[in-house]
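Below is one structure; the comments refer to it alone.
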Amino acid sequence: MVKIHPHTKEARSKTSAKHSGSYGVGVNLKTLKNQAQNEIKKATELKELNEIFKKYLGKRGELTQILRSLEKLPKAKRVKIGREANELKNFLREKMEQKKSSFVKTTEDKEEWLDITAPGKKLALGHLHPLTLVKRKVEEIFQAMGFTVIEGPDIETEWYNFDALNIPKDHPARDLWNTFYLKTELPKEAKVKMKTKFSSPNGLLLRTHTSPVQVRYMESHQPPLRIIVPGNVFRHEATDQSHEFQLYQVEGLMVDEKVSVASFKAIIGEFFRRFFGNDIKFRLRPDYFPFTEPSFDVSITCLVCGGKGCPVCKETGWVEMAGAGMVHPNVFKAAKLIPHQRSGLGWQGWAFGFGLDRLAMMKYKINDVRLFRSGDLRFLQQF
Ligand code: DAH
Numbered sequence: 007m008v009k010i011h012p013h014t015k016e017a018r019s020k021t022s023a024k025h026s027g028s029y030g031v032g033v034n035l036k037t038l039k040n041q042a043q044n045e046i047k048k049a050t051e052l053k054e055l056n057e058i059f060k061k062y063l064g065k066r067g068e069l070t071q072i073l074r075s076l077e078k079l080p081k082a083k084r085v086k087i088g089r090e091a092n093e094l095k096n097f098l099r100e101k102m103e104q105k106k107s108s109f110v111k112t113t114e115d116k117e118e119w120l121d122i123t124a125p126g127k128k129l130a131l132g133h134l135h136p137l138t139l140v141k142r143k144v145e146e147i148f149q150a151m152g153f154t155v156i157e158g159p160d161i162e163t164e165w166y167n168f169d170a171l172n173i174p175k176d177h178p179a180r181d182l183w184n185t186f187y188l189k190t191e192l193p194k195e196a197k198v199k200m201k202t203k204f205s206s207p208n209g210l211l212l213r214t215h216t217s218p219v220q221v222r223y224m225e226s227h228q229p230p231l232r233i234i235v236p237g238n239v240f241r242h243e244a245t246d247q248s249h250e251f252q253l254y255q256v257e258g259l260m261v262d263e264k265v266s267v268a269s270f271k272a273i274i275g276e277f278f279r280r281f282f283g284n285d286i287k288f289r290l291r292p293d294y295f296p297f298t299e300p301s302f303d304v305s306i307t308c309l310v311c312g313g314k315g316c317p318v319c320k321e322t323g324w325v326e327m328a329g330a331g332m333v334h335p336n337v338f339k340a341a342k343l344i345p346h347q348r349s350g351l352g353w354q355g356w357a358f359g360f361g362l363d364r365l366a367m368m369k370y371k372i373n374d375v376r377l378f379r380s381g382d383l384r385f386l387q388q389f
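Heads up, the sequence shown is in the working numbering, so the first residue is 7 and it goes up one at a time.
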């Protein structure tokens, strides 16, 4: 029986404990082979493999120790075991080499693998919001009819939002617009600049409609003029299927020496045709707005139900799309323009205010206005 004489403390504890006693080197070699082979198999990275090499084939490795101890054996055994041990050494080396190249291969595979026939990855591109799509379409149609697109501020003064539009302070018509008033006051210089014969409290608010831009624009531009004003407006409202506290409007204004309801009807009819892509039935009915005289509401047949009656049109078959009318003389005066006189001098004009959300609802047959600002991707991805 051959005993192994490990030289190191470490090897002694690892090797001799296992291989001493009744086991011979032959058996030890077998166990060693299995054990080493197993470890090589399990190794997952180069570092581990290096450790295994050290453990068995390193300077103080287990197999190295056995090979060293051979000289102490009788010749016959030395030759036999020596051959076996050397074979094992070569075997393990080979196994380790194989494993090593498999590592290199997988890392190479990972880093350099390129399938030029694979289909390209699609970049997830964003797209325009339905309200933006509608806004752009509206702008395109009116621009083609000679209108200029103008913008105004979201934070507006009471003067432009109400007074200049013939809605003086404490007038009940202010109740038509539930308003977000701001605590910030306008600077004194600005207040002085705006003094007119209208009451001018000049607090600040979130504009309730785009109509203030009518006056803003006419103050600095001499008619004849045609503008549309798309923009956000804000109302202090409880929300439901057809009410939001923030929505989009498009204001329209046309001023010239002779402008009539007939020209308004012609333009708005053409707009509907181009916007909805077919002949849409629409109607004007008398209405009241302080800044127009006469005023009317503009309705179209409900496109959600085709005019049969549904919750969107409140079972009437008609949906109100805009307020409109002939510009009130006081609005011209607020902008320092002379309104139409009996003599034939002065300006005439018509104006309208569309709910852009309404237009979008009709175009895409959407039955809840709150969806637009819900941020719900299931809704948005349909456009
Ligand atoms: N500004 C009105 C609103 O928000 C809508 C409107 C009505 C606009 C009549 C106009 C108009 O220009 O002439 O309810």
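No residue lacks a Cβ here, since even glycine has one placed at the ideal position from N, Cα and C.
Contacts around residue i, its chain only, beta-carbon distance under 8 Å, and the 5 residues preceding and following it disregarded
i    : result
H242 : N184, T185, F186 and F251
L351 : I344
G359 : H215, T216, S217, Q255, V256, E257, G258, A328, G329 and A330
Closest by C-alpha distance to residue i, when choosing among the options
i    : options                : result
S217 : F297, F288 and S349    : F297
L69  : I273, V337 and E93     : E93
D246 : G67, E90, R66 and N373 : N373
V261 : K127, F240 and V221    : V221
K368 : Q387, L137 and T123    : The residue you asked about is not Lys; residue 368 is Met in the sequence shown. The option with the nearest alpha carbon to M368 is L137.
S301 : F277, I274 and G331    : G331
V219 : K141, M151 and T163    : T163
Whether residue i touches residue j by CB criterion (9 Å)
i    : j    : result
N167 : H135 : no
K175 : D181 : no
H346 : W353 : yes
Y223 : N238 : no
L98  : A42  : yes
G158 : V256 : no
L212 : I161 : yes
L35  : A91  : yes
F153 : R279 : no
F281 : V375 : no
M327 : G275 : no
beta-carbon residue i near the ligand DAH non-hydrogen atom, thresh 8 Å
i    : result
E146 : no
G329 : yes
T216 : yes
T298 : yes
F240 : no
A357 : yes
W353 : no
V333 : yes
L259 : yes
Q347 : no
F338 : no
Q252 : no
F295 : yes
S301 : yes
W397 : Past the edges of the chain, shown from 7 to 389, lies residue 397, and the structure says nothing about it.
L343 : no
L211 : no
Q220 : yes
Own chain residues within Cβ distance below 7 Å of residue i, not counting five before or after
i    : result
T202 : Confidence in T202 is poor, its pLDDT being 45 and thus under 50, which makes the residue's placement unreliable; the coordinate value appears in the next sentence. Cβ neighbours of T202 beyond the five flanking positions: A340.
S205 : Low confidence applies to S205: its pLDDT is 42, below 50, so where it sits in the model is not reliable enough to give any reading.
A179 : I173 and P296
6 Å CB neighbourhood of residue i in its chain, flanking five on each side removed
i    : result
K287 : T307
T289 : Looking at the sequence shown, residue 289 is not Thr but Arg. So the list reads S305, once near-sequence residues are dropped.
E16  : Confidence at E16 is low in this model, with a pLDDT of 41, below 50, so its placement is unreliable and no value can be given for it.
T14  : Only weak support exists for where T14 lies, its pLDDT of 41 falling under 50; the value from the coordinates is given anyway. Once the five neighbours on either side are set aside, the close Cβ partners of T14 are R66.
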